[in-house]
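In the order they appear, the protein sequences are chains A and B. So the first sequence is residues 1 to 338, counted in the working numbering. So the second sequence is residues 339 to 676, counted in the working numbering.
Protein chains: 2
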Amino acid sequence: MATIKDVAKLAGVGVGTVSRSMSVNQSVSDKSRQKIKVAMEALNYRPNSMARSLSSKKSNIIGLWVPSFSGSFHRKMLQTIEEELRQKGKHIILANAEGANTDEERIKCLDYLIERDCDGILMSCPELSLVELAKIASRYPNILFLNRSLPEPNKNFFSINHYAGGRLAAEHLVGLGHTEFAIITGRMSAQDAQNRHQGFIDYLLEKGITVDPELIIFGGYKFTQGTLAVKELLGKNKPFSALFCGNDKSAMAAISILHSKGIQVGKEVSVVGYDDIDIAAYTAPALTSVHAPIESLSRNACHKILNLCYGENLPVETQFEPHLVVRKSSHSVNTIKK
Amino acid sequence: MATIKDVAKLAGVGVGTVSRSMSVNQSVSDKSRQKIKVAMEALNYRPNSMARSLSSKKSNIIGLWVPSFSGSFHRKMLQTIEEELRQKGKHIILANAEGANTDEERIKCLDYLIERDCDGILMSCPELSLVELAKIASRYPNILFLNRSLPEPNKNFFSINHYAGGRLAAEHLVGLGHTEFAIITGRMSAQDAQNRHQGFIDYLLEKGITVDPELIIFGGYKFTQGTLAVKELLGKNKPFSALFCGNDKSAMAAISILHSKGIQVGKEVSVVGYDDIDIAAYTAPALTSVHAPIESLSRNACHKILNLCYGENLPVETQFEPHLVVRKSSHSVNTIKK
DNA sequence: AAACAAAACGGAACCGATTCCGTTTAAGTA
DNA sequence: TACTTAAACGGAATCGGTTCCGTTTTGTTT
């Protein structure tokens with residue numbers, strides 16, 4: 001593989017000139033630029049990214065920490081971030097914490113990214129405590145936390161107001177006249193699952209409605225967990241007319257099971273999901289869901305990390321509000337009663 | 339940040355000794371090792387991976403090219419590869435070709451990986467022609483192709499025998515007594531979709547069964563595409579008792595739509611999917627599917643790239659046979675008739 | 001104790017870029 | 001034409017590791 005020296009020799013110029021010719025706004029004569037261009041093509045020259053990184057002290061790599069690839073939430077995030085950073089010529093390396101069940105393992109997973117000299121890291125970990133996150137941030141400055149929030153707004157925490165999202169779902173169902181609720185939550189060790197749940201029940205409480213504790217199943221965000229949770233729910237043999245699910249995957253599982261038991265979703269039971277993933281519009285019936293603006297969040301986090309690591313000056317927001325998308329899986333309770 | 343020189347100075351040894359102490363099987367006395375360890379800890383030393391890469395001419399990065407993150411197929415692949423390579427201390431960088439619709443864009447996406455000096459590349463592209471792949475391979479030696487096959491077996495092509503998989507599905511349904519078939523395929527520009535389809539209809543042909551061309555919908559692997567395809571299918575108002583779907587996502591969409599139309603899947607209509615993704619066991623009814631051993635394929639491809647790039651000597655297979663997993667969505671046609 | 005092989009070691013050379021510094025060339029002004 | 005100033009340039013120093021080479025130390029054998 002040809003090096004910059006080979007190019008310089010063939011073009012009859014110094015290595016400095018070749019290097020300068022590769023970046024804009026550097027004073028190199030058109031004549032030299034042309035000679036260098038010819039030489040590069042003749043030698044099929046491609047700059048060595050490792051040498052570049054070493055001398056410029058920029059790896060042009062951003063690390064991305066995700067708790068799994070399975071969920072639509074993080075898939076969307078991954079997809080958006082990859083697109084956004086690739087456009088800027090940056091590369092991402094991945095750490096999937098799927099198998100990591102303890103804080104220690106989660107941090108080991110992070111160290112795997114740090115050791116590679118990423119310029120910055122985007123971390124979407126719903127489970128590490130805020131204390132733990134603070135420790136991490138002090139040890140490693142260029143890190144942003146996605147889908148996490150602090151009590152007071154912080155420029156390095158990008159969050160969706162899931163509490164408000166939970167309230168939106170409750171408001172919608174109460175508005176439809178429902179009074180008997182069931183809930184399938186995500187893993188309650190995760191901050192976002194807590195917030196969604198809390199928002200939901202807080203709104204109900206304000207309206208004087210309480211949910212039978214037996215009808216709250218602490219499930220998870222996976223399809224399979226949703227399946228098990230609904231089965232458990234139905235096993236209780238207690239009436240409910242509305243079901244709020246922690247995310248769309250578990251809502252889809254719920255719809256599927258309810259359907260197979262001959263219960264008509266959108267008529268006998270209203271189901272509301274969360275996240276508004278791509279396929280929510282295509283389930284049968286189409287799923288009413290709280291839309292979480294993951295894409296905006298991801299893009300803004302990318303902007304911030306670009307500002308931080310490469311001196312760009314892109315606009316950044318850190319707080320994102322969900323909104324409700326009403327489809328066919330939720331229906332007025334009055335119709336049901338008659 | 340402390341460098342190896344700082345460590346050497348503090349430990350009172352040469353830089354060579356420090357470097358040697360970091361790799362096993364290098365002759366360094368226990369005394370020196372100890373002094374160096376102490377110095378490293380005192381300085382909180384972490385080797386600079388870029389400098390390391392430059393001098394060792396190994397980036398320890400493997401590039402991964404995938405056509406999208408959306409499908410379960412590639413998600414599983416990504417997950418397996420990430421796990422396998424991380425275990426070996428390698429890092430992966432991603433190129434998602436989601437938006438790439440032309441060969442040119444797909445190759446640009448590949449160049450994005452090459453420019454980063456990956457030691458090797460794993461590419462799972464179902465759509466580039468074999469000629470195009472050959473060109474790529476000649477330009478860039480350390481590349482393996484996943485889920486692609488050549489007429490004759492090739493050590494750099496890792497493939498699942500999808501043709502046999504298609505036949506398995508057909509054999510199963512014919513065995514159940516079905517004679518009236520409908521098919522929803524993947525995108526026929528993709529090699530694997532072609533093979534699955536060809537295997538299926540070839541088996542039927544051998545049994546003297548032909549499929550009404552109107553009941554073959556050229557759909558896609560996405561849930562949404564499946565939804566549209568089934569609707570189109572039902573719009574034809576032609577009878578069929580068995581439906582073969584190009585993958586599980588579209589099969590799930592089919593089940594959902596059929597169910598909502600009051601058609602009982604597993605009784606009136608048998609549905610067989612392909613891939614056997616994790617949630618296939620949890621749909622209602624549970625999905626009969628052709629199991630594609632993506633995990634094995636991915637692991638073996640990792641082994642091969644480790645052998646190729648780092649002189650390891652792991653066992654490698656390149657051909658993988660699918661098998662059928664019978665669940666509740668397929669049923670004998672005799673029961674239906676009575 | 002002498003002789004010798006093997007282990008341990010220090011340090012220079014090298015990997016392939018970027019950047020800084022001092023010099024040459026070109027352009028503009030009087 | 002002579003002088004000034006800026007643009008263009010060549011090449012050395014640098015980034016932080018690995019590895020090779022020649023020397024010193026250690027340990028074993030006679």
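Using N, Cα and C, we set each Cβ at its ideal position, and we do this for glycine too.
By the criterion of Cβ-Cβ separation under 7 Å, what are the contact partners of residue i in chain B?
i: R46(A); result: E453
i: H259(A); result: H597, A622
i: S59(A); result: M388
i: R162(A); result: Checking the sequence shown, residue 162(A) turns out to be His, not Arg. Per Cβ cutoff of 7 Å: no residues; H162(A) is ~23 Å from chain B at best.
i: I92(A); result: I431, L432
Roughly how many whole angstroms lie between the Cα atoms of residue i and residue j?
i: K651(B); j: T355(B); result: Residue 651(B) is actually Asn in this sequence, not Lys. N651(B) and T355(B): Cα-Cα distance of roughly 29 Å.
i: G342(A); j: L130(A); result: Residue 342(A) lies beyond the stretch modelled for chain A, which goes from 1 to 338, so this question has no answer here.
i: L64(A); j: L85(A); result: 11 Å
i: T318(A); j: R116(A); result: 27 Å
i: K676(B); j: G515(B); result: Reliability fails at K676(B), whose pLDDT of 34 lies under 50, so the model's placement of it is uncertain and the value that follows must be treated cautiously. So the alpha carbons of these two residues sit roughly 13 Å apart.
i: S357(B); j: R167(A); result: 58 Å
i: Y559(B); j: E82(A); result: 22 Å
i: R481(B); j: S397(B); result: Strictly speaking, residue 481(B) in this sequence is Ile, with Arg absent from that position. Computed Cα separation, rounded: 15 Å.
i: V663(B); j: A618(B); result: 10 Å
i: Y450(B); j: A433(B); result: 8 Å
i: H597(B); j: S138(A); result: 54 Å
i: I336(A); j: T288(A); result: Any reading at I336(A) needs caution, since the residue's pLDDT is 42, under 50, leaving its predicted position unreliable; the model's value is listed next. Cα to Cα, I336(A) sits roughly 18 Å from T288(A).
i: N585(B); j: P660(B); result: 13 Å
i: I61(A); j: H303(A); result: 14 Å
i: M461(B); j: L448(B); result: 9 Å
i: A292(A); j: G219(A); result: 20 Å
i: L243(A); j: A190(A); result: 21 Å
i: Y501(B); j: C583(B); result: 14 Å
i: S579(B); j: I601(B); result: 11 Å
i: A508(B); j: Q532(B); result: 15 Å
i: K473(B); j: A639(B); result: 20 Å
Which chain A residues are close to residue i, counting only those with a beta carbon under 9 Å from its beta carbon?
i: N434(B); result: L78, Q79, E82, E83, R86
i: Y450(B); result: R86, G89, H91
Against residue i, what residues of chain B qualify as contacts under a CB-to-CB distance less than 8 Å, listed in chain order?
i: R75(A); result: F407, S408, R413
Anything in chain B within Cβ reach of residue i, meaning under 9 Å, just list it in chain order.
i: T3(A); result: Ordered by position in chain B, no residue passes the 9 Å Cβ test against T3(A), which lies about 12 Å from the chain.
i: T224(A); result: D616, I617, A619, Y620
Tell me the residue span of the beta strand (DSSP E) that contains residue i.
i: H323(A); result: 323-325
i: D613(B); result: 608-613
i: T354(A); result: Past the boundaries of the shown model lies residue 354(A); chain A is included only from 1 to 338, so the question cannot be answered.
i: M123(A); result: 120-123
i: L94(A); result: 91-96
i: H331(A); result: Run containing H331(A): none; DSSP gives neither H nor E here.
i: I216(A); result: 216-218
Name, please, each residue of chain A whose Cβ falls closer than 7 Å to the Cβ of residue i.
i: S391(B); result: M50
i: T565(B); result: Y282
i: S594(B); result: T283, A284
i: A591(B); result: Y282
In chain A, which residues lie with their C-beta within 8 Å of the C-beta of residue i?
i: I474(B); result: Ordered by position in chain A, no residue passes the 8 Å Cβ test against I474(B), which lies about 15 Å from the chain.
Alpha helix (DSSP H) containing residue i: first to last residue?
i: M22(A); result: Counting along the chain, M22(A) falls outside any alpha helix (DSSP H), and DSSP gives it neither H nor E.
i: D540(B); result: 529-544
i: C109(A); result: 103-114
i: G503(B); result: 500-513
i: I4(A); result: 4-11
i: I294(A); result: 294-310
i: V38(A); result: 30-43
i: G573(B); result: 561-573
i: H516(B); result: That residue, H516(B), is in no alpha helix (DSSP H); it is neither H nor E in DSSP.
Should the segment 175-184 of chain A be called in touch with the segment 341-353 of chain B, which here means at least 3 C-beta pairs below 8 Å? no
Pairs of beta-carbons, one from the segment 69-84 of chain A and one from the segment 36-48 of chain A, closer than 8 Å: are there three or more? no
Can at least three beta-carbon pairs, one atom from the segment 271-278 of chain A and one from the segment 320-330 of chain A, be found at a separation below 8 Å? yes
Taking beta-carbon pairs under 9 Å, can you tell me which members of the segment 530-544 of chain B lie near chain A? none
Touch check for the segment 574-581 of chain B and the segment 228-244 of chain A: three-plus C-beta pairs under 8 Å? no
Is there contact between the segment 549-568 of chain B and the segment 589-596 of chain B, where contact requires at least three CB pairs shorter than 8 Å? yes
Closer than 8 Å is the cut-off here; do at least three beta carbon pairs connect the segment 542-554 of chain B with the segment 472-492 of chain B? no
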